[in-house]
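Numbering (the UniProt record's numbering), first residue to last: 1 to 187.
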């Protein structure tokens with residue numbers, strides 16, 4: 001009874017995380033991988049990344065990485081975390097793109113790969129809340145604006161409702177509010 005469950009669980013995990021070795025291979029850009037000085041493992045991780053992101057550049061990547069190791073051990077990248085090093089490599093404002101063009105591409109790729117699908121799922125849930133059956137004609141620019149506000153916008157309690165109503169009722173409207181003493185819409 002337990003064996004089919006474990007096998008099914010294992011196959012689901014393998015199916016969901018097909019490229020887990022690629023994510024793990026980005027550790028080669030960190031200080032721990034450099035400090036271990038395990039050339040076989042590091043070159044294997046570099047080959048994994050190169051095959052996936054910049055095929056045909058394996059020799060160049062390994063050559064860049066050999067020089068890069070010195071920067072991590074005793075140079076500019078000493079005492080920095082992997083995230084800080086990857087951000088420096090990926091920065092277009094620094095000279096690292098000229099010194100290590102391929103490693104910079106790998107660092108850029110590593111920084112934008114989502115670790116989970118939570119943000120994507122959250123955004124689709126937001127779209128389902130914004131684009132309801134009553135608002136089914138929302139498309140393009142207007143839908144994007146509504147989604148941007150729903151995801152990044154101000155908290156509802158911080159929204160200036162009075163100012164929005166004033167702006168809305170500056171133009172003559174057929175819609176009037178039911179409050180006869182409302183100073184905004186009775187103008």
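Think of the CB as a built atom: it goes at the ideal place given N, C-alpha and C, for glycine as much as any other residue.
Small disclaimer: the values here were computed from a predicted structure and weren't measured.
Item: Please classify residue 29 as buried or exposed, where buried requires at least 16 other C-beta atoms within 10 Å of its C-beta.; Value: buried
Item: In whole angstroms, what separates the C-alpha of residue 109 from that of residue 53?; Value: 8 Å
Item: Helix, strand or coil, according to DSSP, for residue 102 in the structure here?; Value: helix
Item: Contact check, residue 48 vs residue 22 under 8 Å by CB: the rounded distance?; Value: 6 Å
Item: Would you mind working out which of 10, 8, 15, 25 sits nearest residue 106, comparing C-alpha positions?; Value: 25
Item: Between which two residues does the alpha helix (DSSP H) containing residue 130 stretch?; Value: 118-130
Item: If you compare alpha carbons, which of 120, 128, 31 is closest to residue 84?; Value: 31
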